[in-house]
Each structure stands twice: as structure tokens, then as C-alpha cells.
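Q: First, the structure itself, so that you have it in front of you.
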Amino acid sequence: MSRLFSKDFVLVLLVLLLLSLSGNMMNSPLPVFAIHIGADNTIAGLVTGLFALSSMFSRPLFGWLLDKKGRRIVLILGVLAYALVTFSFNWVGLVSTLLLVRFVQGFAMSAYTTSLGTMAADLIPTSQLVAGYGYYSLLQTLATSVGPAIGLRMAASKSFNGLFTLSAAFAGAGLLAALLINYEKKGMPIVHHPEISASGNGSGKMSRLFEKTAISVTAAVFFLSFSTGAVMTFLSPYAISNGVNNIGLYFTANAVAIFAMRLILQKIIGWIGLSKSAVIALAFVAGSMLTLSLAQSIGLFIVAAILNGIGCGIVLPIFNSLIIQFCPPHRRGAASATYYIGIDSGIGAGAVLGGIITKAAGYPALFMISVAGVVIAFAVYAFRIRYQYRAMAAAEK
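In C-alpha cells form, the structure reads like this:
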């Protein structure tokens with residue numbers, strides 16, 4: 050069996066952890082900061098929505114650049130830009146400026162996340178894709194646990210400048226680690242064929258920017274990410290409106306549940322199979338959103354967090370590995386970009402529409418609508434992805 054934890058893969062994981070900490074420290078407190086400087090719920094939703102949308106629109110470009118110019122240069126420039134833009138939040142005092150800076154930050158985040166996802170695909174042995182992406186997601190989970198707790202604590206004491214500086218410092222540390230990644234220079238056999246389209250005939254600019262084998266998984270991830278955008282943006286204001294002040298426990302419980310699932314993910318898939326694992330996981334996520342819509346105490350918030358952690362801890366590594374299994378090796382950059390477009394657009398939709406929904410009907414209505422999004426993701430898996438996976442498995446026999 051090929052070695053999973055090579056030096057460069059460990060460095061990719063380190064960069065991922067540092068940048069995820071940086072991002073998660075800001076994601077939950079920023080809507081609170083927006084309200085602090087005069088925004089309402091609709092504008093607070095735009096703070097997350099514009100970030101996700103700018104990231105989404107730039108994904109195809111960065112995916113193409115990764116396949117054409119290489120992974121390392123896109124990663125380094127993306128992390129550098131992200132660190133500088135994050136530090137610039139210290140001078141934001143107007144809602145309009147906040148929206149502009151957040152929009153620019155989305156471009157930088159798009160560059161480094163697409164790069165890291167593609168590098169992971171390069172470095173994880175094919176026989177260990179699910180396990181490799183399990184560890185990849187595990188570090189994102191750790192950041193999801195620690196980052197929001199730090200950020201919300203600093204936001205509660207109105208230490209926003211300290212928050213922005215600390216977040217930029219983590220990004221700067223990530224840049225130093227990124228500079229050490231050099232597997233492309235060592236001649237690792239990564240094939241760059243920018244002239245070859247997803248369809249294999251090289252026709253059309255759109256086919257070079259998007260990977261068609263990733264469309265079905267991307268669609269499922271879009272509807273699943275709608276709930277992520279809703280939680281990321283409105284969980285803290287929702288908890289405060291219910292008199293729950295220690296909502297940081299939600300993120301801790303969520304991370305613990307995801308961590309536990311990562312440790313036994315391979316056993317679960319071996320026991321009941323990949324398809325059943327994905328279906329059951331989506332049911333847990335739907336249950337989480339339903340529980341949130343009813344939550345009035347920290348106890349129910351924690352139950353929702355655990356349900357979400359179990360579901361996402363199983364289904365996201367499965368989706369991530371399927372993206373890579375479905376696509377040709379030389380299209381990994383485009384496939385990663387296409388996949389993250391689903392995440393970005395789903396989070397953006399959850400944030401922007403969430404602002405409108407909460408203003409018109411309240412927070413519980415938003416989480417009830419999020420249940421419908423997870424149900425649609427289930428339908429996409431059941432009627433498309435499952436058959437795509439079976440066809441791939443049959444072709445390999």
C-alpha cells in the first residue's frame with residue numbers, strides 16, 4: 050500500500066489547519082460585527098453571501114490555472130492575498146467597506162482552498178482516497194471547533210481588532226508552511242493537459258473550466274451547503290435571541306461528533322457500504338436542521354450539533370472522494386473547482402436568502418427550509434450519484 054503521510058501531504062494538512070483556523074475565527078463573528086457597525090439581518094447575510102459568491106465565481110479560473118500553471122504558485126499567491134486582506138479588516142468602519150473587503154477576501158480564499166484540495170488529490174494514494182480525505186476533513190473539523198469559539202469569545206468582548214490581527218497571523222503562518230511544499234519540483238508525475246476538455250475533445254472554454262463528471266456531486270453539495278450557510282451566518286444571532294449565550298458549545302459538540310465519525314468512517318463504509326452510509330448521513334443532517342428549528346435551550350442546540358456532526362462527518366469525505374474518483378487525473382484542478390463552486394454557492398444562498406427569510410418569518414423558518422435542501426441533496430444522490438458510482442465500479446472490474 051502506498052504511503053499516505055508523505056512530507057508534502059503533511060504540509061498540505063498543516064496549511065489547511067492554519068488557514069481553516071483563520072477563516073473559522075472570522076466566519077461566525079463577522080455577522081455580529083456587521084450588526085455592531087449598523088447592519089441589519091439582510092446585510093449580515095450579505096457579509097457571508099458576498100464572500101461565498103466571489104469565491105464561487107473565481108473557482109473556474111483558479112481550477113484552470115491549477116491545471117495549466119501548477120498548484121504551488123496559485124496556493125502561495127492565494128494565501129498571501131488572504132493574509133493581507135484579513136489584516137485590512139482592522140480599518141473597516143462602514144458597512145459598505147465591510148462588504149467590499151469581504152468580497153475581495155472571497156477571491157483569495159477561493160485560490161488557496163481550490164489549490165489545497167487539488168494538492169490533496171495529487172498526494173493521496175488512490176487506494177486511500179476516503180481515508181485521506183477523512184484526515185483532510187478532520188483538520189477542518191478541528192478548526193471548526195476551535196476557531197468559532199475563539200472568534201465569538203473575542204466578539205463578545207468587542208475585541209474585533211484583536212480578532213482580525215490574530216486571524217491574519219494564522220494565515221501568515223500558513224503562508225510560511227505553504228512555501229515548503231515542493232512536490233511538483235521533485236518531478237512527481239502530475240499530468241497537465243489544459244488543452245484537453247472535460248469531454249476529452251478540447252472544445253469550448255466552459256468545458257475547460259468545469260469538470261462535467263463532478264456536476265452531480267456538486268449539485269448535491271450545493272443543497273447540503275445551504276444549511277451550512279444558514280448555520281454559519283445566523284446561528285449566533287438565533288441563539289442570542291433565545292437567551293442562549295454560550296453557543297460556542299454548539300461548535301465544540303459538532304466538532305467532537307465529526308471527529309468521532311472520521312475515526313470510524315472506514316469501518317462504517319465497510320460495514321454497510323458507501324451508498325447506505327451517505328443516505329443515513331444525509332438523514333442525520335436533516336434531523337439536525339429540524340432540531341435547530343425547535344431549539345430554545347443550549348441542550349437542543351447541542352443535540353442539533355451532534356446530529357449535524359455525525360451526518361457531515363460521514364457524507365462530506367464520501368462526496369470529496371467521489372469527485373476525484375469520477376474525474377480523469379489531469380482534470381483534478383477543474384474537478385476541485387467545480388466541487389467548491391457547489392459549496393460556495395450553497396453557503397452564499399443560505400446566507401443571502403437566510404437574511405431575507407429570517408427578516409420575514411424568523412429564524413426557525415430558515416432552518417425548516419434548510420431541511421428541504423437536505424432532502425433535495427438526498428434525491429440527487431439517490432437518483433444520480435449512486436448510479437454514477439455503480440457505473441464507475443463496474444467499468445473498473
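Counting in my numbering, the sequence shown runs from 50 upward without gaps.
The beta-carbon is built from N, C-alpha and C at its ideal position, and this holds for glycine as well.
Do the CB positions of residue 53 and residue 173 come within less than 9 Å of each other?
A: Taking the sequence shown and counting its residues from 1, one reaches residue 53 at position 4. Taking the sequence shown and counting its residues from 1, one reaches residue 173 at position 124. Yes.
Q: Residue 361 by DSSP, collapsed to three states: which one?
A: Along the sequence shown, one-based indexing puts residue 361 at 312. Here residue 361 sits in helix by DSSP.
Q: May I ask you to report which of helix, strand or coil DSSP gives residue 54?
A: By 1-based counting over the sequence shown, the position of residue 54 is 5. The answer is coil: DSSP assigns residue 54 none of H, G, I, E or B.
Q: Grouping DSSP H, G and I as helix and E and B as strand, with all else coil, what is residue 141?
A: For this step, residue 141 is matched to residue 92 along the sequence shown. Here residue 141 sits in coil by DSSP.
Q: Would you call the stretch 104-112 and the stretch 151-158 in contact, with 3 or more CB pairs under 8 Å?
A: At 8 Å Cβ cutoff, the stretches touch.
Q: Using the three-state DSSP reduction, which class does residue 161 fall into: helix, strand or coil?
A: For the purposes of this step, residue 161 is taken as residue 112 along the sequence shown, with counting starting at 1. In this structure, residue 161 counts as helix in the three-state DSSP scheme.
Q: Would you please state the rounded distance, in angstroms, between the beta carbons of residue 293 and residue 333? I believe it to be under 8 Å.
A: As a working note, residue 293 is residue 244 in the sequence shown. As a working note, residue 333 is residue 284 in the sequence shown. Wrong, their Cβ atoms sit about 22 Å apart, outside the cutoff.
Q: Is residue 89 helix, strand or coil by DSSP?
A: Numbered from its first residue, the sequence shown carries residue 89 at position 40. Residue 89 falls in the coil class under three-state DSSP.
Q: Ignore the nearest five residues each way along the sequence and tell me which others in residue 170's own chain have a CB closer than 6 Å to its CB.
A: By 1-based counting over the sequence shown, the position of residue 170 is 121. Only 373 and 381 meet the Cβ criterion.
Q: Determine whether the beta carbon atoms of residue 302 and residue 264 lie at a separation below 9 Å.
A: Here residue 302 refers to the residue found at position 253 of the sequence shown. Here residue 264 refers to the residue found at position 215 of the sequence shown. No, Cβ-Cβ distance for residue 302 and residue 264 is not below 9 Å.
Q: Go ahead and label residue 310 buried or exposed: buried means 16 or more other beta carbons lie within 10 angstroms of its beta carbon, across all protein chains shown.
A: Residue 310 sits at position 261 when you count from the first residue of the sequence shown. Buried, by the Cβ-count rule.
Q: Mind reading off the beta-carbon distance from residue 136 to residue 214? Whole number of angstroms is fine, and I expect it under 8 Å.
A: Locating residue 136 in the sequence shown gives position 87, where the first residue counts as 1. Locating residue 214 in the sequence shown gives position 165, where the first residue counts as 1. That belief holds up - the Cβ atoms of residue 136 and residue 214 are roughly 7 Å apart, short of 8 Å.
Q: As a quick exercise: from 278, 388 and 316, pick the residue whose alpha carbon is nearest that of residue 397.
A: Here the question's residue 397 lines up with position 348 in the sequence shown. Among 278, 388 and 316, the Cα nearest to that of residue 397 belongs to 278.
Q: Can you find the residues in the same chain that come closer than 6 Å, C-beta to C-beta, to residue 371, ignoring five residues on each side of it along the sequence?
A: Along the sequence shown, one-based indexing puts residue 371 at 322. Hits under 6 Å: 266.
Q: Looking at the secondary structure, which residues open and close the alpha helix (DSSP H) in which residue 390 lies?
A: To locate residue 390, count along the sequence shown from 1; it is residue 341. Unbroken alpha helix (DSSP H) run through residue 390: 381-410.
Q: By the three-class DSSP mapping on this structure, what secondary structure does residue 59 have?
A: The count along the sequence shown starts at 1 and reaches residue 59 at position 10. Residue state, collapsed to three classes: helix.
Q: Tell me which residues share the same chain as residue 238 and place their Cβ nearer than 7 Å to its Cβ, disregarding the 5 neighbours each side in the sequence.
A: What you label residue 238 is simply residue 189 of the sequence shown in a count that begins at 1. Model confidence at residue 238 stands at a pLDDT of 46, short of 50, so the residue's coordinates are unreliable; what they give is reported in the following sentence. So the list is empty, once near-sequence residues are dropped.
Q: DSSP on residue 231, reduced to helix/strand/coil?
A: Here residue 231 corresponds to residue number 182 of the sequence shown, with the count starting at 1. Reduced to three states, the DSSP call for residue 231 is coil.
Q: Helix, strand or coil for residue 189, going by three-state DSSP, please let me know.
A: On the sequence shown, position 140 is the one that residue 189 refers to. Three-state DSSP puts residue 189 in a helix.
Q: Per the contact definition of three or more C-beta pairs closer than 8 Å, is the stretch 68-84 in contact with the stretch 186-200?
A: The stretch 186-200 is in contact with the stretch 68-84.
Q: Taking C-alpha atoms, which residue in 262, 274 and 62 lies nearest to residue 186?
A: Counting from one through the sequence shown, the residue named residue 186 turns up at place 137. It is 62 whose Cα lies nearest to the Cα of residue 186.
Q: Can you tell which of 81, 58, 360 and 383 has its C-alpha closest to the C-alpha of residue 205?
A: Position 156 of the sequence shown, counted from the start, is the residue given in the question as residue 205. Of 81, 58, 360 and 383, the residue nearest in Cα terms is 81.
Q: When the Cα of residue 315 is compared with those of 326, 306 and 412, which residue comes out closest?
A: Start at 1 with the first residue of the sequence shown, and residue 315 comes out as number 266. Out of 326, 306 and 412, 326 has the C-alpha closest to the C-alpha of residue 315.
Q: Can you tell me whether residue 154 is helix, strand or coil according to DSSP?
A: Within the sequence shown, residue 154 is the residue found at index 105, counting from 1. In this structure, residue 154 counts as helix in the three-state DSSP scheme.
Q: Using 9 Å as the threshold, is the C-beta distance between residue 393 and residue 216 below it?
A: Numbered from its first residue, the sequence shown carries residue 393 at position 344. Numbered from its first residue, the sequence shown carries residue 216 at position 167. No, Cβ-Cβ distance for residue 393 and residue 216 is not below 9 Å.
Q: Quick one: what's got a C-beta closer than 6 Å to residue 69's C-beta in the same chain, skipping five residues either side?
A: Counting from one through the sequence shown, the residue named residue 69 turns up at place 20. Excluding sequence neighbours, residue 69 sits near 189 and 192.
Q: With DSSP run on the structure shown, which of helix, strand or coil describes residue 128?
A: Mapped onto the sequence shown, residue 128 falls at position 79. Helix.
Q: Report all residues from its chain with a CB closer than 7 Å to the CB of residue 338; omit the five preceding and five following residues, and keep chain order.
A: Residue mapping note: residue 338 aligns to position 289 of the sequence shown, counting from 1. The residues are 276, 416, 419, 420 and 423.
Q: Spatial neighbours of residue 330 within its chain, please: C-beta separation below 6 Å, excluding the five flanking residues on both sides.
A: In the sequence shown, counting from the first residue as 1, residue 330 sits at position 281. Contacts found: 360, 363 and 364.
Q: Are residue 64 and residue 161 touching if we call contact CB-CB under 9 Å?
A: Position 15 of the sequence shown holds residue 64. Position 112 of the sequence shown holds residue 161. Yes; because the gap between Cβ atoms is below 9 Å, this pair is in contact.
Q: With a cut-off of 8 Å, do at least 3 Cβ pairs link the stretch 176-183 to the stretch 397-410?
A: Judged by Cβ distances under 8 Å, the stretch 176-183 makes no contact with the stretch 397-410, as fewer than three pairs qualify.
Q: Measuring only the C-alpha atoms, how far is residue 284 from residue 445?
A: For the purposes of this step, residue 284 is taken as the residue at position 235 of the sequence shown. For the purposes of this step, residue 445 is taken as the residue at position 396 of the sequence shown. The straight-line gap from Cα to Cα measures roughly 44 Å.
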